[in-house]
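Order-wise, the sequence lines are chains A and B. Residue 263 in the UniProt record's numbering sits at position 263 of the first sequence, and the numbers go up by one each step. Residue 424 in the UniProt record's numbering sits at position 424 of the second sequence, and the numbers go up by one each step. Ideal Cβ positions, reconstructed from N, Cα and C, are used throughout, including at glycine.
Number of protein chains: 2
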Amino acid sequence: MPSYTAPMRDIQFVLHELLNVEQELKSLPAHADVDVDTINSILEEGGKFAATVIAPLNQSGDEEGCTYVGDGVVTAPKGFKEAFAQYVDAGWPALSADPEYGGQGLPHFVNNAFYEMLNSANQAWTMYPGLTHGAYEALHAHGTPEQKKVYLPKLTSGQWTGTMCLTEPHCGSDLGLLRTKAEPVGDGRYQISGTKIFISSGEHDLAENIIHLVLARLPGAPEGTKGISLFIVPKFVPNADGGIGERNAIKCGSIEHKMGIHGNATCVMNLDGAYGWLVGEPNRGLNAMFVMMNGARLGVGMQSLGLAEVALQNSLAYAKDRTQFRAAKGPVNKDKPADPIIVHADVRRMLLTQKAYTEAGRAFSYWLALQIDRELSHPDEKVRKDSADLVALLTPIVKAFVSDNTFETTNLALQCFGGHGFIKEWGMEQFVRDARINMIYEGTNSIQALDLLARKVLSDGGAKLKKFGKLMQQFIAENAGDESMKEFIEPLMDIGDKVTKLTGEIGMKAMKNPEEATAAAVPYQRVVGHMVYAYFWAKMAKVALAKQSSGDGFYTAKLATARFYFAKLLPETAGYIRQARAGSDVVMGLEAALF
Amino acid sequence: MPSYTAPMRDIQFVLHELLNVEQELKSLPAHADVDVDTINSILEEGGKFAATVIAPLNQSGDEEGCTYVGDGVVTAPKGFKEAFAQYVDAGWPALSADPEYGGQGLPHFVNNAFYEMLNSANQAWTMYPGLTHGAYEALHAHGTPEQKKVYLPKLTSGQWTGTMCLTEPHCGSDLGLLRTKAEPVGDGRYQISGTKIFISSGEHDLAENIIHLVLARLPGAPEGTKGISLFIVPKFVPNADGGIGERNAIKCGSIEHKMGIHGNATCVMNLDGAYGWLVGEPNRGLNAMFVMMNGARLGVGMQSLGLAEVALQNSLAYAKDRTQFRAAKGPVNKDKPADPIIVHADVRRMLLTQKAYTEAGRAFSYWLALQIDRELSHPDEKVRKDSADLVALLTPIVKAFVSDNTFETTNLALQCFGGHGFIKEWGMEQFVRDARINMIYEGTNSIQALDLLARKVLSDGGAKLKKFGKLMQQFIAENAGDESMKEFIEPLMDIGDKVTKLTGEIGMKAMKNPEEATAAAVPYQRVVGHMVYAYFWAKMAKVALAKQSSGDGFYTAKLATARFYFAKLLPETAGYIRQARAGSDVVMGLEAALF
């Protein structure tokens, strides 16, 4: 069985040495008194909870899966319910929730770091609280005061869980096609009918009630995405005192059998005149749902980071333990018949690739979560706007780039085990199967690439991208005279220049032909992702350089990993830039019938 | 359930229009009378057999898996046994076997094309006959006349099946560590004791007997790989009349639960003084086993090609059927609410990537199989040697490059399905899970990369590589004046030059430090693989250019796919070349303890 230990040293490095969050929080009145010790002690507890309560259920949950008992009843794998009760009892769901509704009011990045650990321990389990927190956020942003009063305390406590119901059999990415109908009853309620599929955590036995956020169309609503409204559809309608009332006509019809995340119930939900309550304005449902979707996209980044970390830990342990062949330069383990495989260059390539992507993913995603805190609670409007722009720009990167990288790194981790990696017992192949969904749900990675290039970059003439560029330029300027930073600063400048040039080229071509953008989007996204990682690796290298004389091997490793990143991973952009430049004809030229 | 139709048009294109096999066979006396019609009618029948008998058992075999009944007894999934009986009755195992032992004596490439189709239909099932054919080949090359007389007819008919028993719990890649012992009894028999793991098709109910080829050590044998001998260890010892005799002490202890290929039994085999017969010379067992291993490596290439083809077929059908969003330039399906997703540039990228890798893989692997026929039966010794060198050089490419590409393309095929790709029912995720093993078994892809660079390229100063280079140069010279071929010839020359330069650089550095080779091997292998594919794409483009005026859309598609390959896939070498040049320090520098 794989093991997991929360990577506290690296988490603390990112939060305190790289991002200096205590200082950052001083400018956010809502969090000004949150200090290093508070953060560390919460995350240490959280890491223990993840490692000791949730992780032991990962492999058994995969093996057992969820069960459709019949008549709409679904049970999660053994132990999931009890672990969720422990989670609720300890108050974890409330971590970064609003104190007005029972939350602890901690910054988002603390919750994010906690979620990294939960996901390392068990992605399938973590989706139950994860979607709950997403539903909380959507209602917090768009619910009426009454809705907030009824639902937020229950979602904050974890007494009730939440879902997002978007997909229908004929509409996945293209929500404009959705058909689920909402008929007004006349008393403020709506009756909703339709079929939703792929509803994660749609039905289960972890909580007494499930609050579904459902997209549907009002009578006479415009076609397409401008005629979609958002509704709260509770499994049990809350009664006057906030408790459990009548069973609503939303019912699980079946659960899917999937490649991975077996422990999470992926449900077909049938709505047969279920009562719902409108959230936000009519026909503006996608706008309200985007709060939840953006949260979910960052959430997918944290799932991917979590899997990358646990896969790295286990493959590293195996590489130190498993002996096979001699080191190329001669025996290391002279008294044994073979050396540990970590002596071999290609095993090291596989480990360092995992390490470089995982640690950059952590630095980047924690920083992005901090931007969300700035966006939500910085007193200066300009700072809020800048942070919001950075979050908007980089949400597709945290979703797609991190999940693509994790699919690569979990596969490298599996590969380190040789044939054993393919055997279920070792647990490595589960990480790969679980990681695979992250490239698909919450908007496929193709959709993310289009979102990045078309909506986030080209639509404002690169204004948001320039805001990230400004951060890079500042950092480059600060280090211009530092000879020891040259090896990091030069390639960072280079990739920044290349992104600027590539963006301009695609933008020019796309004005004449929109397919020039759609054909370039995926390789473009990988180039931008690497620019972001190069920035964070350069910044981490700077911290490590300053502290390497301490003799702490952590900084030696950090520097070596930075160098590996610049030498072995960033160079893949050379290929992607060429692919992004190849133009659309080569993709669009062939008639569909001739494929 | 996924569907499969044998890709006869493309198979015939490769065999007859690209490779002109009928002409090639005229110079091989053993096959001089095999003509186009014979080949086509055999493969058409083979394709039907694969599609109608084997393919329907793929998904059910995955779901059910093999069963360890107890006391060494294993059953394959429902229907496997009956399908194998049909396979045997129809004489398929004999296709390219020696007529002296009941074979049909057809060229190897015909068998290879047949195996592509079997693997598209069902990789797990195909491993039973595939390993049997491998055991046949090893015994055919190294068995005594008596051994051949006893075993080859039964393996040729398919009445008995075969396995290769190499791996032990503590030794996978590093066979030098193996411990299984063989004690001479004194009457020509040996008693063999030890534990073998990961034995594919090690025990099952498909055939009345199983012939294990087992690596073991004789008493006093030298340590390492030079003290390993090869033995025939039959499940039932054949009696005097060639029938089934006494049960031998080789027994399945358990079967593995794996990520994929569930329908093939992966066995722990316990040998407890089992009787064995030496094959070839004492202590030269690895040499004899390499016949089987090289065959198995080409076999993995055919497994990977088969999976790539079937995944492509299904994702293409889905992309033409599933409607979602409008085309970027405006509606195509005006009377429907959305367009088929094949109108979208990124879906086309995913389809064309699959198509480009699959069709190049077919051209390359069929050509390689033809080289084996030349190696085995060309009357001119120099031709035999040249072909043998090309086969040796390119076996790691057909194993690793094709399987790496297939893992990418089966994942792209899954991705085309969006969320449905993650659902078992659609069958796409099985292709990914099955494809994953191909990067591991028969020598991991890291081992293949080392084999290519160190053993096949550097050890003879690039002599074998130059033989492939000569083929390229000939083709380049033939097309020097052809303006219409320029777009293919120029990048082909370019990648050839780059490989020459890169090989020289790594060779120079590796003379001083062997880790310079081990650190560069994997990206080097991808660059060489692309050079090979660029050569075959240029050759296919030439055929297509010559015939495009026929109006047959097949050639239009072939040319478009060639252009896509050169524009969008070959460019990834730009990144890999930089990675291969990065040197070993960046990989080897960090102390293992600091990882």
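Whole angstroms is fine: what's the gap from residue i's alpha carbon to residue j's?
i       : j       : result
L15(B)  : E425(B) : 35 Å
S595(A) : L368(A) : Note that residue 595(A) corresponds to Phe in the displayed sequence, not to Ser. Their Cα atoms are separated by approximately 41 Å.
A50(B)  : A520(A) : 39 Å
L175(A) : M302(A) : 25 Å
N239(B) : I211(B) : 14 Å
L131(A) : F407(A) : 22 Å
V528(A) : V499(A) : 7 Å
N171(A) : T38(B)  : Before going on, a small fix: residue 171(A) reads as Cys here, not Asn. Between C171(A) and T38(B), the C-alpha separation is close to 48 Å.
S27(B)  : D33(B)  : 10 Å
I243(B) : P222(B) : It should be noted that the sequence gives Gly, not Ile, for residue 243(B). Rounded to the nearest angstrom, the two C-alpha atoms are 36 Å apart.
G443(B) : Q415(A) : 12 Å
Q59(B)  : H257(B) : 16 Å
S41(A)  : H344(A) : 38 Å
P379(A) : S387(A) : 12 Å
I250(B) : D89(B)  : 28 Å
E146(A) : F236(A) : 17 Å
P184(B) : T410(A) : 46 Å
Y524(A) : M511(A) : 17 Å
Under DSSP, the beta strand (DSSP E) around residue i begins and ends at which residues?
i       : result
K226(B) : No beta strand (DSSP E) holds K226(B); DSSP gives it neither H nor E.
C252(B) : I250 to I255
List the residues of chain A that residue i touches, going by C-beta distances under 7 Å, in chain order.
i       : result
F236(B) : Going along chain A, no residue has its Cβ under 7 Å from F236(B), so there is no contact; the nearest lies around 28 Å.
R362(B) : Chain A residues near R362(B): none, gap ~16 Å exceeds 7 Å.
H344(B) : T518
E429(B) : M259
What residues from chain B crowd round residue i, counting only those whose CB sits closer than 9 Å?
i       : result
K424(A) : E256, H257, K258 and M259
A562(A) : Correct list: empty, because the minimum Cβ distance to chain B is about 10 Å.
A392(A) : Under the 9 Å cutoff, chain B gives no residues; its nearest Cβ is about 21 Å from A392(A).
Taking residue i as the query, report the chain B residues whose CB atoms sit under 7 Å from its CB, ordered along the chain.
i       : result
D205(A) : Under the 7 Å cutoff, chain B gives no residues; its nearest Cβ is about 23 Å from D205(A).
Q579(A) : K568 and P571
V522(A) : D346 and R349
Bridge partners for residue i per DSSP, in chain order?
i              : result
N209(B)        : W160(B)
T266(A)        : S200(A)
residue 615(B) : Any question about residue 615(B) goes unanswered here, given that chain B covers just 1 to 595.
R284(A)        : I228(A)
Q191(A)        : E183(A) and Y275(A)
Starting from residue i, trace the alpha helix (DSSP H) both ways and give me its first and last residue.
i       : result
V522(B) : E515 to K547
P77(A)  : It is not in any alpha helix (DSSP H) - P77(A) carries neither H nor E in the DSSP assignment.
T38(B)  : V36 to F49
D482(B) : That residue, D482(B), is in no alpha helix (DSSP H); it is neither H nor E in DSSP.
Y128(A) : Q123 to H142
E246(B) : E246(B) -> not in any alpha helix (DSSP H); beta strand (DSSP E) instead, spanning I244 to R247.
E408(B) : V402 to C416
V586(B) : D585 to M588
F564(A) : G553 to F564
Could you tell me which chain A residues have their CB closer than 8 Å to the CB of residue i, listed as they occur along the chain?
i       : result
P129(B) : The premise fails here: P129(B) is roughly 21 Å from chain A at the closest Cβ pair, so nothing lies under 8 Å.
E515(B) : A328, K329 and A345
V556(B) : Note on identity: in this sequence residue 556(B) is Thr, with Val being the wrong assignment. Simply L590, E591 and L594.
Starting from the beta carbon of residue i, find every residue of chain A whose beta carbon is closer than 9 Å, and list them in chain order.
i       : result
R526(B) : Per Cβ cutoff of 9 Å: no residues; R526(B) is ~10 Å from chain A at best.
Q415(B) : M439, I440, T444, N445 and S446
At a cut-off of 7 Å, would you count residue i as near the ligand FMN, judging by its Cβ distance to the nearest heavy atom?
i       : result
V499(B) : Ligands are entirely absent from the displayed structure, and the ligand FMN is therefore not among its contents.
Could you tell me which chain B residues have their CB closer than 8 Å to the CB of residue i, listed as they occur along the chain?
i       : result
G575(A) : P571, E572, T573, A574, G575 and Y576
V587(A) : A345, R348, R349, L352, F564 and K568
L412(A) : What L412(A) touches in chain B: nothing, since even the nearest Cβ is about 10 Å away.
Can we say the stretch 545-553 of chain A touches the stretch 566-575 of chain A, given the rule of at least three CB pairs closer than 8 Å? By the Cβ test, the stretch 545-553 of chain A is not in contact with the stretch 566-575 of chain A, since fewer than three Cβ pairs between them sit closer than 8 Å.
Does the structure place the stretch 322-338 of chain B close enough to the stretch 1-11 of chain B that three or more beta carbon pairs sit under 8 Å? Not touching, per the Cβ criterion.
Chain E contacts from the stretch 434-467 of chain A (Cβ-Cβ distance under 8 Å): Protein chains A and B are contained in the structure displayed, whereas chain E is not.
For the stretch 257-271 of chain A against the stretch 66-82 of chain A, do three or more pairs of beta-carbon atoms, one drawn from each stretch, fall closer than 8 Å, so that the two count as touching? yes
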